[in-house]
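Novice: Sharing a structure with you now.
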Amino acid sequence: MVFSHAPALQPFVNRLASRSLLTDEEASAVLSLKGQVRQVAAHSDFVRQGEHVDHACLVVDGLVGRFGQSGEGARQITCLHIPGDMADLPSVVSPKSAWGLMALTNTTILRLPHAEVRRVAAKHAGVAEALWRDCVADGSIFSEWVVNVGRRDALARLAHLLCEMAIRCERAGQGDRHAFALPATQADLGDATGLTSVHVNRTLKELRERSVATMRSRQVIVEDWDQLVSIGDFDEGFMLLDGPSPRFSEVA
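First residue of the sequence shown: 1, per the numbering used here; consecutive thereafter.
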């Protein structure tokens, strides 16, 4: 059944508004988007890499991993998506998916037809600008993930990931930087950081023994935020969270 799902869309509007100025009319236009709710079981793919899709997927509940895959089937998680994230917004303008999406937990998604998103963006320039800026932020975060996996050691990689997820959960109203949910397995964290599960386990143990951070029962407790930031070489500037940017019309 296709229907309007404003409560599910509100976190996405909040995400857009954190980087872009939206009028009440523009926010209402996004909230009016019609979509289809789908339940996805944990460890299930719901978008295949290279698949042609006609909808974008908003995470309503759960945790989603974006991944790339080698010809031999080896996977690398390239982003974690929490509620309020549009996991494949670029597909609205490029329908052949450049990556796959999998549910890391039992997950609820809202499938928004590309035609619906395009209709609202075409009618409201402010919405189109906000969607564009969200894609820019997504690309900036992806770039930092490449640096994290390629140029940091195991302890720094995991600390950096925990810092990022702490800030994102805090901004989304899903905990704060000192205590937040991260329902990923050690294997998932390994796929996100280029480490084995054994190495992730050892690294988490070191963070715990140094009284920096503890991960238990799908929750992360950060005892020493400043130390976690230092270990992870973390600077949140790449997340582009320094407030809404001026509208194009104001700087033209």
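Note that beta-carbon positions come from the ideal geometry of N, C-alpha and C, so glycine has one too.
Would you kindly check if the distance between the Cβ of Gly175 and the Cβ of Asn106 is under 7 Å?
Specialist: On the sequence shown, position 106 is the one that residue 106 refers to. On the sequence shown, position 175 is the one that residue 175 refers to. No; because the gap between Cβ atoms is not below 7 Å, this pair is not in contact.
Novice: Look up Leu22 in the DSSP assignment and say whether it is helix, strand or coil.
Specialist: Within the sequence shown, residue 22 is the residue found at index 22, counting from 1. Residue state, collapsed to three classes: coil.
Novice: Taking the C-alpha atoms as reference points, what is the distance between Ser261 and Glu206?
Specialist: Given that the chain is displayed from residue 1 to residue 252, the structure contains no residue 261 and the question cannot be resolved.
Novice: Would you decide whether Arg157 is buried or exposed? Buried here means 16 or more other CB atoms lie within 10 Å of its CB.
Specialist: Sequence index remark: in the sequence shown, residue 157 carries index 157 (1-based). So Arg157 ends up on the buried side.
Novice: Report back the beta-carbon spacing between Pro95 and Cys135 to the nearest angstrom; my notes put them in contact at under 8 Å.
Specialist: Reading the sequence shown from its first residue, position 95 is the one you call residue 95. Reading the sequence shown from its first residue, position 135 is the one you call residue 135. Wrong, their Cβ atoms sit about 15 Å apart, outside the cutoff.
Novice: For the beta strand (DSSP E) containing His55, list its first residue and its last residue.
Specialist: Walking along the sequence shown from the start, residue 55 turns up at place 55. The continuous beta strand (DSSP E) containing His55 extends over residues His55 to Asp61.
Novice: Residues bridged to Leu112 by DSSP?
Specialist: Counting from one through the sequence shown, the residue named residue 112 turns up at place 112. Leu112 pairs with Ala56.
Novice: Going by DSSP, name the residue or residues bridged to Met102.
Specialist: Along the sequence shown, one-based indexing puts residue 102 at 102. Looking at the DSSP assignment, Met102 forms a beta bridge with Asp45 and Gly65.
Novice: Taking Ala172 and Pro11 to be in contact with their CB atoms under 8 Å, please state how far apart those CB atoms are, rounded to whole angstroms.
Specialist: For the purposes of this step, residue 172 is identified with residue 172 of the sequence shown, where counting begins at 1. For the purposes of this step, residue 11 is identified with residue 11 of the sequence shown, where counting begins at 1. About 6 Å; that satisfies the 8 Å criterion.
Novice: Under the DSSP definition of a beta bridge, which residues are partnered with Val222?
Specialist: The residue given as residue 222 occupies position 222 in the sequence shown. Answer is Ala213.
Novice: Drop a sphere of 10 angstroms on the beta-carbon of Gly50, count the other beta-carbons inside from all chains shown, and report buried for 16 or more, exposed for fewer.
Specialist: To locate residue 50, count along the sequence shown from 1; it is residue 50. Per the 10 Å Cβ criterion, exposed.
Novice: Have a look at Phe46, Arg208 and Ser249 and flag the residue whose alpha-carbon is nearest the alpha-carbon of Arg111.
Specialist: Your numbering for residue 111 matches position 111 in the sequence shown. Cα-wise, what sits closest to Arg111 is Phe46.
Novice: Counting pairs of Cβ atoms below 8 Å between the region 118–128 and the region 78–87, do you hit three or more?
Specialist: no
Novice: Just to confirm my understanding: we take Cys169, look at its own chain, exclude 5 residues before and 5 after, and list those with CB closer than 6 Å. What are they?
Specialist: Taking the sequence shown and counting its residues from 1, the one referred to as residue 169 is at position 169. Here the set comprises Gly175 and Phe180.
Novice: Is it buried or exposed for Val60, if we count other Cβ within 10 angstroms and need 16 for buried?
Specialist: Here residue 60 refers to the residue found at position 60 when the sequence shown is read from its first residue. Looking at its Cβ environment, which holds 16 or more other Cβ atoms inside 10 Å, Val60 is buried.
Novice: Verify the contact flag: Ala130, CB atom, against every heavy atom of the ligand ATP, threshold strictly below 6 Å.
Specialist: Of the ligands one can find in the structure shown there are none, so the ligand ATP has no counterpart to examine.
Novice: Straight-line CA distance for Glu116 to Val30?
Specialist: Working through the sequence shown from its first residue, we reach residue 116 at position 116. Working through the sequence shown from its first residue, we reach residue 30 at position 30. Roughly 10 Å separates the two Cα atoms.
Novice: Starting from the C-beta of Ile82, find all residues in its chain whose C-beta is less than 7 Å away, skip the five residues before and the five after it, and write them out in chain order.
Specialist: Counting from one through the sequence shown, the residue named residue 82 turns up at place 82. Excluding sequence positions up to five before and after Ile82, its CB lies within less than 7 Å of the CB of Val59, Leu63, Arg168, Cys169, Ala172 and Gln174, all in the same chain and listed in chain order.
Novice: State buried or exposed for Glu250, treating a residue as buried only when at least 16 other CB atoms are found within 10 Å of its CB.
Specialist: Taking the first residue of the sequence shown as 1, we reach residue 250 at position 250. Burial call: exposed.
Novice: Select from Val146, Leu204, Asp153 and Ser197 the residue whose C-alpha is nearest the C-alpha of Gly68.
Specialist: Residue mapping note: residue 68 aligns to position 68 of the sequence shown, counting from 1. Nearest of Val146, Leu204, Asp153 and Ser197 to Gly68, Cα basis: Val146.
Novice: Find the nearest neighbour of His55 within the set Asp88, Leu195 and His5, judged by alpha-carbon distance.
Specialist: Translated into the one-based positions of the sequence shown, residue 55 becomes position 55. It is Asp88 whose Cα lies nearest to the Cα of His55.
Novice: The alpha helix (DSSP H) that contains Ala184, what's its start and end?
Specialist: As a working note, residue 184 is residue 184 in the sequence shown. From DSSP, Ala184 is part of no alpha helix (DSSP H); its letter is neither H nor E.
Novice: Taking Cβ positions, are Leu155 and Thr203 nearer each other than 7 Å?
Specialist: Position 155 of the sequence shown, counted from the start, is the residue given in the question as residue 155. Position 203 of the sequence shown, counted from the start, is the residue given in the question as residue 203. Taking the C-beta atoms as reference points, Thr203 is found nearer than 7 Å to Leu155.
Novice: Taking C-alpha atoms, which residue in Cys57, Leu104 and Trp99 lies nearest to Asp85?
Specialist: Residue mapping note: residue 85 aligns to position 85 of the sequence shown, counting from 1. Per the Cα distances, Cys57.
Novice: Below 8 Å on the Cβ atoms is my contact criterion, and I expect His160 with Arg152 to pass it. Report the Cβ-Cβ distance as a whole number of Å.
Specialist: Along the sequence shown, one-based indexing puts residue 160 at 160. Along the sequence shown, one-based indexing puts residue 152 at 152. Going by Cβ atoms, the distance from His160 to Arg152 rounds to 6 Å, so yes, they are a contact pair.
Novice: Going straight from the alpha carbon of Arg48 to that of Ala213, what length do you get?
Specialist: Within the sequence shown, numbered from 1, the residue matching residue 48 stands at position 48. Within the sequence shown, numbered from 1, the residue matching residue 213 stands at position 213. Roughly 34 Å between the two C-alpha positions.
Novice: Just the C-alpha distance for Val92 and Arg118, rounded to the nearest angstrom, thanks.
Specialist: Here residue 92 is taken as the residue at index 92 of the sequence shown, counted from 1. Here residue 118 is taken as the residue at index 118 of the sequence shown, counted from 1. Cα to Cα, the separation comes out at about 7 Å.
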